[in-house]
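Structure, as structure tokens:
There are 2 protein chains.
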Amino acid sequence: MEKLSIVKIGGNIIEDEASLTAFLKLFSNLEGKKILVHGGGKRATSMASKLGIASKMINGRRITDADTLEVITMVYGGLVNKNIVAKLQALNTDAIGLTGADINSIASDIRPVKEIDFGFVGDVKQVAHESIDKLIQANFTPVFCAITHDGKGQLLNTNADTIASQVAVGMSHLYETSIYYCFELNGVLEDINDKNSVVKHIDSEKYKDLLEKGIIADGMLPKLHNCFEALNNGVGKINMGNTSMLTQENDNFTTITL
Amino acid sequence: MEKLSIVKIGGNIIEDEASLTAFLKLFSNLEGKKILVHGGGKRATSMASKLGIASKMINGRRITDADTLEVITMVYGGLVNKNIVAKLQALNTDAIGLTGADINSIASDIRPVKEIDFGFVGDVKQVAHESIDKLIQANFTPVFCAITHDGKGQLLNTNADTIASQVAVGMSHLYETSIYYCFELNGVLEDINDKNSVVKHIDSEKYKDLLEKGIIADGMLPKLHNCFEALNNGVGKINMGNTSMLTQENDNFTTITL
């Protein structure tokens, strides 16, 4: 099978013009077929605050009410996504910006209300891998923002990490997929206080070992859990580290396989 | 050649939820291959005002400064475009929302500064009809908002009527194209005070006649001028009227041909 890279960037890159420009150059130079997934970071929060929309949090988790969804649609789907597309075009990458509503690429269900009503948040139900592949086969590079839809006309807010892993799982029907999760750290760290203590390779056995030793904790717990779920569902390989892992020069990042 | 309809809607439809829903049903039911082009109407102005961005006008014409372009990108490219796409998906139309930056579909040049510096406004330079056709051939329905790009990473504000006519001209290389300009009136009126005095057919001779009689005046002058420019550049037919011209029942609108 042909290779396909799914690269996810977070708010830290998007919010800094110089970081974004540098990253987009690396992404453009990345060989082979590829997909970009981005979040929106703090720009949605600051835009909401400018518009007098209070960020509602319950138990430390953000609630997406109708006003917040509007801001997310403007900032993620419009401002951030279309500026990334324009910049990629300038780098000769024939990008096309998408939400999950476009070509019905990512359908989701609104999250059921249990203890918390998260509002307009979608849990991914189906990725239209064949439709997405029509774009890829036409040599376009899809750029997804963190928005999906319910198929009934409602846009929904969906976590960008989840979009990256679900799109990768879907595309695994057609490609040998690798995910690149770009974040602040150099990778999964053996010692959280030593940024160079990167665990270079994690497989199922090593994962169990790291869990037992308590080395994977806090925010890394759900991230790694999701990685293994994606690997168990067809994704070939997952890389975690800073954006320089997209180059040939840097091999100091974490690669995760089954 | 196969037929392709390019339908343009303005702010009056977008701003009213019921009108938009009704229009999108008509558009979904329209047979054959099609493209939707939309403006953003007053929502950009009201969003700018909420954000404390003053609308700058010189000689009655809007200036697109950097802040205004940001608002336009958020409102046209995000909020309006993606909600239209989600609603079309619910109507089983496999829509894909685009700016001119996506797949480099509409390249433009920033308008040169003469008496007035219009700011980030783009005059269309090139429509990538073959790239747009890849989407159409994949059975996707392109939905364009009124944003183009300069190919160097800069998004630009471009009039939605112009986008509709330029896209139609471009697509005329591959299709027998018709434009539908949906607006408030029933068509070009013989008597501006009688909304039923629709001129049903205008050709080059009738156009000359109407101009001489002063029946085409004010805002209609540039509209009709642009129509004949499009017809002279390959567009087959242009229809002007309210949205019900998309149905079989209503034949009370203006059709313009060479």
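Chains as they are written, first to last, in the UniProt record's numbering: chain A, 1 to 258; chain B, 1 to 258.
Note that the Cβ used here is the ideal one computed from N, Cα and C, for glycine as well.
>> Counting only Cβ pairs nearer than 8 Å, list the residues of chain B close to isoleucine 147 of chain A.
In response: Position 147 of the first sequence holds residue 147 of chain A. By Cβ distance, chain B contributes Lys82.
> Is the shortest distance between the beta-carbon of isoleucine 96 of chain B and the beta-carbons of chain A less than 7 Å?
Replying inline: Reading the second sequence from its first residue, position 96 is the one you call residue 96 of chain B. Answer yes: the Cβ-Cβ gap between isoleucine 96 of chain B and chain A drops below 7 Å somewhere.
>> Does aspartate 102 of chain A come out as helix, strand or coil in the three-state DSSP assignment?
In response: What you label residue 102 of chain A is simply residue 102 of the first sequence in a count that begins at 1. In this structure, aspartate 102 of chain A counts as helix in the three-state DSSP scheme.
> By how many angstroms is the C-alpha of glycine 241 of chain A removed from the C-alpha of glutamine 126 of chain B?
Replying inline: Locating residue 126 of chain B in the second sequence gives position 126, where the first residue counts as 1. Locating residue 241 of chain A in the first sequence gives position 241, where the first residue counts as 1. Whole-angstrom Cα-Cα distance: 40 Å.
> Does DSSP classify alanine 138 of chain B as helix, strand or coil?
Replying inline: As a first step, residue 138 of chain B must be located in the second sequence, where it is residue number 138. Alanine 138 of chain B falls in the coil class under three-state DSSP.
> For leucine 155 of chain A, which residues in chain B fall below 8 Å Cβ to Cβ?
Replying inline: The residue given as residue 155 of chain A occupies position 155 in the first sequence. Chain B residues near leucine 155 of chain A: Lys82, Asn83, Ala86.
> Are lysine 42 of chain B and leucine 51 of chain A closer than 7 Å when you measure CB to CB?
Replying inline: Within the second sequence, numbered from 1, the residue matching residue 42 of chain B stands at position 42. Within the first sequence, numbered from 1, the residue matching residue 51 of chain A stands at position 51. Their beta carbons are not under 7 Å apart, which means lysine 42 of chain B does not touch leucine 51 of chain A by this criterion.
>> Tell me the DSSP secondary structure of leucine 231 of chain A in three-state form.
In response: Residue numbering aside, residue 231 of chain A sits at position 231 when the first sequence is read from its first letter. Leucine 231 of chain A falls in the helix class under three-state DSSP.
>> Which residue wins for smallest C-alpha separation from residue 272 of chain A, given the options A:Ser172, A:Thr254, A:Gln154, A:Ala146?
In response: Nothing about residue 272 of chain A can be read from this structure; chain A reaches only from 1 to 258.
> Going straight from the alpha carbon of leucine 4 of chain B to that of methionine 171 of chain B, what length do you get?
Replying inline: Here residue 4 of chain B refers to the residue found at position 4 of the second sequence. Here residue 171 of chain B refers to the residue found at position 171 of the second sequence. Roughly 8 Å separates the two Cα atoms.
> Between isoleucine 238 of chain B and glutamate 115 of chain B, what straight-line distance do the alpha-carbon atoms span, to the nearest angstrom?
Replying inline: If you number the second sequence from 1, residue 238 of chain B lands on position 238. If you number the second sequence from 1, residue 115 of chain B lands on position 115. Their backbone Cα atoms lie some 33 Å apart in a straight line.
>> So, at 8 Å on beta carbons, what are the nonlocal neighbours of leucine 26 of chain B in its own chain, with the 5 sequence-adjacent residues on each side left out?
In response: Within the second sequence, the letter at position 26 stands for residue 26 of chain B. Thr243, Ser244, Leu246, Thr247, listed in sequence order.
>> For isoleucine 63 of chain A, which residues in the same chain have their Cβ closer than 8 Å to its Cβ, ignoring the five residues on either side in sequence?
In response: As a position in the first sequence, residue 63 of chain A is number 63, starting the count at 1. Lys56, Met57, Ile116, Asp117, Phe118, Gly119.
>> What would DSSP say about lysine 34 of chain A, mapped onto helix, strand or coil?
In response: Working through the first sequence from its first residue, we reach residue 34 of chain A at position 34. It is a strand residue.
>> At 3 residues or longer, what runs of the beta strand (DSSP E) sit wholly inside the region 68 to 134 of chain A?
In response: 95 to 98, 106 to 110, 122 to 127
>> Taking only three categories from DSSP, how would you classify residue 273 of chain B?
In response: In this structure chain B extends from 1 to 258, so residue 273 of chain B is not present and cannot be described.
> How would you label valine 71 of chain A, buried or exposed, when you count the other beta carbons within 10 angstroms and need 16 or more for buried?
Replying inline: For the purposes of this step, residue 71 of chain A is taken as residue 71 along the first sequence, with counting starting at 1. Classification for valine 71 of chain A: buried.
>> Determine whether the beta carbon atoms of isoleucine 132 of chain B and serine 105 of chain B lie at a separation below 7 Å.
In response: Position 132 of the second sequence holds residue 132 of chain B. Position 105 of the second sequence holds residue 105 of chain B. Taking 7 Å as the Cβ cut-off, isoleucine 132 of chain B and serine 105 of chain B qualify as a contacting pair.
>> I need the boundaries of the beta strand (DSSP E) containing serine 178 of chain A, first residue and last residue.
In response: The residue given as residue 178 of chain A occupies position 178 in the first sequence. Serine 178 of chain A -> beta strand (DSSP E) spans 176 to 182.
>> Could you tell me the alpha carbon to alpha carbon distance between serine 108 of chain A and glutamine 89 of chain B, rounded to whole angstroms?
In response: The residue labelled residue 108 of chain A in the question sits at position 108 within the first sequence. The residue labelled residue 89 of chain B in the question sits at position 89 within the second sequence. Looking at the two C-alpha atoms, the distance is approximately 13 Å.
> Does DSSP put lysine 195 of chain A in a helix, in a strand, or in coil?
Replying inline: Position 195 of the first sequence, counted from the start, is the residue given in the question as residue 195 of chain A. Coil at lysine 195 of chain A, not helix or strand.
> Nearest-angstrom Cα distance between threonine 162 of chain A and valine 37 of chain A?
Replying inline: Here residue 162 of chain A refers to the residue found at position 162 when the first sequence is read from its first residue. Here residue 37 of chain A refers to the residue found at position 37 when the first sequence is read from its first residue. Their backbone Cα atoms lie some 10 Å apart in a straight line.
>> Tell me which residues share the same chain as serine 204 of chain A and place their Cβ nearer than 8 Å to its Cβ, disregarding the 5 neighbours each side in the sequence.
In response: Sequence index remark: in the first sequence, residue 204 of chain A carries index 204 (1-based). Result list for serine 204 of chain A: Phe228, Leu258, in chain order.
>> Helix, strand or coil, according to DSSP, for valine 188 of chain B in the structure here?
In response: The residue given as residue 188 of chain B occupies position 188 in the second sequence. Coil.
>> Buried or exposed for asparagine 83 of chain A, going by 16 or more other Cβ atoms inside 10 Å?
In response: For this step, residue 83 of chain A is matched to residue 83 along the first sequence. That one is buried.
>> For leucine 258 of chain B, report the span of its beta strand (DSSP E) as first-last.
In response: Your numbering for residue 258 of chain B matches position 258 in the second sequence. Element bounds for leucine 258 of chain B: n/a, residue is neither H nor E.
> Cβ of glycine 2 of chain B within 7 Å of Cβ of tyrosine 180 of chain B?
Replying inline: The residue given as residue 2 of chain B occupies position 2 in the second sequence. The residue given as residue 180 of chain B occupies position 180 in the second sequence. Note that residue 2 of chain B is glutamate in the sequence shown here, rather than glycine. No, Cβ-Cβ distance for glutamate 2 of chain B and tyrosine 180 of chain B is not below 7 Å.
> Of the choices B:Leu231, B:Val235, B:Val169, B:Ala160, whose alpha-carbon is the least far from that of isoleucine 9 of chain B?
Replying inline: Position 9 of the second sequence, counting from 1, holds the residue named residue 9 of chain B. For isoleucine 9 of chain B, the nearest C-alpha among the options comes from B:Ala160.
> Who are isoleucine 238 of chain A's beta bridge partners in DSSP?
Replying inline: Locating residue 238 of chain A in the first sequence gives position 238, counting from the first residue. DSSP output for isoleucine 238 of chain A lists A:Ile179, A:Ile256 as bridge partner(s).
> What do you reckon, are the CB atoms on alanine 230 of chain B and valine 169 of chain B nearer than 7 Å?
Replying inline: Taking the first residue of the second sequence as 1, we reach residue 230 of chain B at position 230. Taking the first residue of the second sequence as 1, we reach residue 169 of chain B at position 169. In this structure, valine 169 of chain B lies closer than 7 Å to alanine 230 of chain B by Cβ.
> In the DSSP assignment, what are the bridge partners of histidine 149 of chain A?
Replying inline: Here residue 149 of chain A refers to the residue found at position 149 when the first sequence is read from its first residue. Histidine 149 of chain A pairs with A:Ala107, A:Leu155.
>> Residues in the same chain with beta-carbon distance under 7 Å from glutamate 15 of chain A, minus the five sequence neighbours each way, listed in chain order, please.
In response: Position 15 of the first sequence, counting from 1, holds the residue named residue 15 of chain A. The answer, listed in chain order, is Gly41, Lys42, Arg43.
> Of the residues A:Thr68, A:His201, A:Ser28, which one's Cα is nearest the Cα of leucine 155 of chain A?
Replying inline: Position 155 of the first sequence, counted from the start, is the residue given in the question as residue 155 of chain A. The option with the nearest alpha carbon to leucine 155 of chain A is A:Thr68.
> Residues of chain A with a CB under 9 Å from the CB of valine 189 of chain B: which are they?
Replying inline: For the purposes of this step, residue 189 of chain B is taken as residue 189 along the second sequence, with counting starting at 1. Checking the sequence, you will find leucine at residue 189 of chain B rather than valine. Those do not exist, as leucine 189 of chain B stays about 35 Å from chain A at its closest Cβ, beyond 9 Å.
>> Taking the alpha helix (DSSP H) that methionine 171 of chain A belongs to, which residues open and close that run?
In response: For the purposes of this step, residue 171 of chain A is identified with residue 171 of the first sequence, where counting begins at 1. Element bounds for methionine 171 of chain A: 160 to 171.
>> For isoleucine 202 of chain B, list the residues DSSP reports as bridge partners.
In response: On the second sequence, position 202 is the one that residue 202 of chain B refers to. Answer is B:Ile256, bridged to isoleucine 202 of chain B.
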